[in-house]
Amino acid sequence: MSEARTAGGYVEGGTAESDTTLVVVTGLSGGGRSTVARALENVGYYVVDNLPQALMLDMAELAMKAGGAARRTAMVLDVRSRAFSTDLAGAIRELKDRGFSPRVVFVDADDEVLIRRFESVRRSHPLQGEGRLADGIAVERALLEEARDQADVIIDTSHLNVNQLRRRVEELFGGEDARRLRLTVLSFGFKYGLPPDADFVLDARFLPNPYWVPELREHTGREPAVSAYVLGQEGADTFVASYADLVNATTAGFEREGKRYLTVAVGCTGGKHRSVAIAEELAERLRQSGLAANAQHRDLGRE
């Protein structure tokens, strides 16, 4: 396998493609396997953690037969599954011999870094026995040497924080659409309670209530007449524009921190008129600015 060392501390063979159907994640304990697994879940992979090596082929065949989301499957293996097999490299070869084309990701780090990580969480290395941390790391390196040689992507996490590692995995396996922050603009009625998953809460009750306009009372904020009434009120346009600017200003930061879903909740008294009209308009403006936004209405129809 040809390898090219990159400036980011990685060794890569070839180019990871967003349509990879099978990924095998392994590497040294403390290297960042769990972070890699979570990042793969973020971009739509079905992740099986701590899979015994003897079951890799069975899992791969199940994933291919299941289709759908399971066709993008990641299997995470480590030394905890040694009781089933110690030949990880052989298991990977068997997958290839049976026609699968797994991308093998190996996470690595300097011994000194691994020791600091174990000491910071006050855990022993799974292979150190009665010896030192360094002894366990050395044993694990020897066991995984051939698997490392077979890896398509080797990620050295010595100088990476959790967010940097996550972003790297998403770049390799996610594709641009999978990495985008997705926004839900959710209308609700305050009398039914706040949405527990809201990241922002907007209060539209400062606007006149269409409920008190007889010809609008039975209609909803999704209908043109009600929407025009709400959005035509003094301060409504400034309200929507200001929050659109706020959301646009924060999305890049949320993406850097690994957030993939953002909920902007817009409330009025009953969740039928003002909040619905504002949510629809805000979602549209966010889409116009290039964000993946949609409007949903929690309490519409409850009255």
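Residue numbers for the sequence shown follow UniProt numbering, so the first one is 1 and each next one is one higher. All C-beta atoms, glycine included, are put in the ideal place defined by N, C-alpha and C. Keep in mind that this is a model prediction, so the values were computed, not measured.
In the DSSP assignment, no residue is bridged to SER124. Residues of the same chain with a CB within less than 6 Å of the CB of THR263, apart from the 5 flanking positions on each side, are THR184, LEU186, ASP197, ALA198 and ASP199 in chain order.
According to the DSSP secondary-structure assignment, VAL43 is paired through a beta bridge with no residue.
The beta carbons of LEU40 and VAL169 sit closer together than 8 Å. It is roughly 43 Å from the alpha-carbon of LYS259 to the alpha-carbon of GLU215. Assignment of VAL213 by DSSP, reduced to helix, strand and coil, places it in the coil class. Pairing PHE188 with THR269 gives a Cβ-Cβ distance that is not under 8 Å. The secondary-structure analysis by DSSP pairs ASN294 across a beta bridge with THR184. The three-state reading of DSSP puts GLY267 in strand, counting E and B together. Counting only unbroken stretches of 3 or more residues, the beta strand (DSSP E) elements lying wholly within the segment 124 to 159 are 153 to 156, in sequence order. Pairing LEU300 with PRO210, the inter-Cα distance amounts to about 14 Å.
Residue range 274 to 288 is occupied by the alpha helix (DSSP H) that includes ALA277, with no beta strand (DSSP E) assigned at that position.
When secondary structure is reduced to three states using DSSP, ARG33 falls in the helix class.
Boundaries cannot be given for ASP199, as no beta strand (DSSP E) includes it and DSSP labels it neither H nor E. Rounded to the nearest angstrom, the Cβ distance from GLY271 to ARG302 is 7 Å, consistent with a contact under 8 Å.
One alpha carbon belongs to LYS96, the other to VAL107, and they sit about 21 Å apart.
Looking at the DSSP output, THR73 sits in a beta bridge with LEU22 and TYR46.
Taken through DSSP and simplified to helix, strand or coil, ASP245 comes out as helix.
Using a Cβ distance threshold of 8 Å, ALA236 and LEU207 count as a contacting pair. Taking the Cα of LEU144 as reference, the smallest distance to any Cα among ALA89, ARG123 and ARG93 is reached at ALA89. Contact between the segment 51 to 63 and the segment 110 to 120 is absent, with fewer than three C-beta pairs closer than 8 Å. Annotation for ARG222: no alpha helix (DSSP H) segment contains it, and DSSP assigns it neither H nor E. The three-state reading of DSSP puts LEU262 in strand, counting E and B together.
In this structure, VAL76 keeps its C-beta atom at 8 Å or more from the C-beta atom of ASN42.
The beta-carbon separation of VAL25 and ALA37, rounded to 6 Å, stays under the 8 Å limit for a contact. Where ASP58 is concerned, there is no enclosing beta strand (DSSP E), although the alpha helix (DSSP H) around it starts and stops at 56 to 66.
Of the other Cβ atoms in all chains shown, 16 or more fall within 10 Å of the Cβ of ARG274; this residue is therefore buried.
The alpha-carbon separation between VAL240 and LEU172 amounts to approximately 37 Å. DSSP lists THR26 and ILE154 as the bridge partner or partners of PHE106.
In this structure, ALA279 is the residue among TYR261, ALA279, GLU255 and GLY267 with its C-alpha nearest to the C-alpha of ALA244.
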